[in-house]
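Structure, as structure tokens:
2 protein chains.
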Amino acid sequence: MLKTAERPKSEQPREPEADRKGRKASKETRRLQLIEATIDSLAKRGYSETTMADVADGAGLSRGIVNFHFESKEKLLVATLQYMSEEYAAHWRGALEKAGDDPAKRLAAVVAADFDRAVCSRRKLAAWCAFWGEAKSRPTYQALCGSRDLAYQNTMVDLCAALARDGGYAFNPEKVALGLAAMLEGLWLRLMIGGEEINREKAQDAAFEHLATVFPRHFPLAGTRRASAG
Amino acid sequence: MLKTAERPKSEQPREPEADRKGRKASKETRRLQLIEATIDSLAKRGYSETTMADVADGAGLSRGIVNFHFESKEKLLVATLQYMSEEYAAHWRGALEKAGDDPAKRLAAVVAADFDRAVCSRRKLAAWCAFWGEAKSRPTYQALCGSRDLAYQNTMVDLCAALARDGGYAFNPEKVALGLAAMLEGLWLRLMIGGEEINREKAQDAAFEHLATVFPRHFPLAGTRRASAG
DNA sequence: ACCCTTGTTGAACGTTCATTCAACATGGCT
DNA sequence: AGCCATGTTGAATGAACGTTCAACAAGGGT
């Protein structure tokens, strides 16, 4: 019926036309297409109600196709999680590089990156959360589920320590870094669960208010409602 | 075969003997028993692999029993979530009352309550996370999933505002409260996903380090590795 | 033009699971 | 003691789903 047309749900218009001559949508492209459809389904129906048929339908392909490109549902889901994990890591690493050398700017860049549409869409957040919910009972997921993994955590600690040295802050950098990373994750969670009363902008505001409070010599208080003295 | 014996998995030894004379374990007690078994199963197998048979086996009862006390799997899960939600709310409200009138002590009490074994066991965290993963696709869950709900959030904002007034802090109380609540949730998430490198104590330390940093005039820096100047 | 490899389809199969139900047990009441 | 309401059991049922597979389609190389 329809080959690769009709992808009304996915956000990213993949397949840059160079790769898909007719049906020869190179193996990797097809896999990506199915992974995107999987994210869609996870976001829309949740983990427990995501079926192979959903994914295939969402991609506009036939039922059996998923077992051809991925061997099983399990492997499709692992590949999807891996894809998101790599995408997230590449995103914050890229932001870090673009930020230059100043630790304050680097920290701001990492925090801002977290609220970028590319990784912080409703769709992606929902998919992350779907995996989180299954992580504890599946070791394979568990390793990939710390989107903010060890490297991320070390980077945060280094940045917090550099700012503490520079600004003469008295806190323990490791604890503050852990708290900051947890807060970013928690804000993601709220963005995903909460409906109307919170949005990306508000969450980012709270994150930067936090930076301004913890590193007062490096970040200005932005939305100052209260002006200083009490 | 076995009636109410053999509950090797559940942490809380329920049924205070007063309620269960033989098999007459009053309706409510049986419901609780099944809810506890559901939490066990959610924690051990995850949402998607929690079956009615698991729950019944975990409670040491027969297959059909769950549909007798709860009409359906759906309703069992909603009841379980409701139970956890009410338990959590009662817990922080209790801590708040016991803390007295001093806003600093009240805030400390709410934060400490979050890391109490009663609500912060591996088992409960895993169950929470299982529901979070399905929340976006089920409106019924969504409402109950904000364990830290509106009342909680308002309380936090009030406490932060009171401390800001008293200590002359310049931050925006609403944003700081949102950040703090998100951080607590994020720490929960890490406790649940991460295995060895984090534990309740570490998480609580990070939370209080955060309090000490944001409200320096109200909370001392505890684990001071760096002593003040830089 | 032919064939062989690779990709794709949809139906069939077997398993797993929630739900239903008829039969059975027990406790309380008279 | 005998009876009824309330619990409880385990097997039967039917639906949903992942996986398999035989058949079909389309390049690409010769």
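Line order of the protein sequences matches chains A and B.
The numbering of the first sequence is my numbering, which starts it at 1 and goes up by one.
The numbering of the second sequence is my numbering, which starts it at 1001 and goes up by one.
Just so you know, even glycine gets a beta-carbon here, dropped at the ideal spot from N, CA and C.
Item	Value
Three Cβ pairs or more, each shorter than 8 Å: is that satisfied between the stretch 1143-1150 of chain B and the stretch 133-147 of chain A?	no
Per the contact definition of three or more C-beta pairs closer than 8 Å, is the stretch 1190-1206 of chain B in contact with the stretch 1080-1096 of chain B?	no
If I follow the unbroken alpha helix (DSSP H) through S85 (chain A), where does it start and stop?	K73 to K98
Confirm, please, whether the CB-CB distance from F1131 (chain B) to L1081 (chain B) is below 9 Å.	yes
DSSP state of F1131 (chain B), grouped into three classes?	helix
Please compile the residues from chain B whose C-beta is within a distance smaller than 7 Å of the C-beta of L178 (chain A).	A1206
Measure the CB-CB distance between L159 (chain A) and R217 (chain A) and report whether it falls below 9 Å.	no
Consider the Cβ of K1075 (chain B): report whether some Cβ of chain A lies at a distance smaller than 9 Å.	no
If you draw a straight line from the alpha carbon of Q1204 (chain B) to that of D205 (chain A), how long is it in whole angstroms?	24 Å
By Cβ distance below 6 Å, which residues in the same chain neighbour L1211 (chain B) in space, the five residues on each side in sequence not counted?	F1219
Do A1182 (chain B) and F1115 (chain B) have their beta-carbon atoms positioned less than 9 Å apart in this structure?	no
Taking only the alpha-carbon atoms, compute the straight-line gap between R1063 (chain B) and A1056 (chain B) and give it to the nearest angstrom.	6 Å
Taking Cβ-Cβ distances below 8 Å as the criterion, which residues of the stretch 46-70 of chain A are in contact with chain B?	G46, Y47, S48 and E49
Answer yes or no: does any C-beta atom of chain B fall closer than 9 Å to that of K124 (chain A)?	no
For the 8 Å Cβ check, are there 3 or more pairs between the stretch 1184-1196 of chain B and the stretch 186-195 of chain A?	yes
Tell me which residue opens and which closes the alpha helix (DSSP H) that A1108 (chain B) is part of.	P1103 to D1114
Taking 9 Å as the cut-off, decide whether the C-beta atoms of S137 (chain A) and K1044 (chain B) are in contact.	yes
Can you tell me the Cβ-Cβ gap for M52 (chain A) and K73 (chain A), rounded? I've got them flagged as a contact below 8 Å.	6 Å
Give every residue of the same chain whose Cβ lies closer than 8 Å to the Cβ of G100 (chain A), excluding the five residues on either side of it in the sequence, and list them in chain order.	R106
Name the chain B residues whose beta carbon is nearer than 8 Å to that of F310 (chain A)?	Chain A is shown only over 1 to 230; residue 310 (chain A) falls outside these bounds and no answer can be derived.
I need the DSSP call for N199 (chain A), collapsed to helix, strand or coil.	coil
Just mark L173 (chain A) as buried or exposed, buried being the case when its beta carbon has 16 or more other beta carbons within 10 Å.	Residue identity differs from the one stated: residue 173 (chain A) is Pro in this sequence, not Leu. Counting Cβ neighbours within 10 Å, P173 (chain A) comes out buried, since at least 16 surround it.
Could you check how far apart the C-beta atoms of H1069 (chain B) and L1034 (chain B) are, in whole angstroms? I think they sit under 8 Å.	6 Å
Going by beta carbon distance, what residues of the same chain come within less than 6 Å of Y1169 (chain B), once the five residues before and after it are set aside?	none
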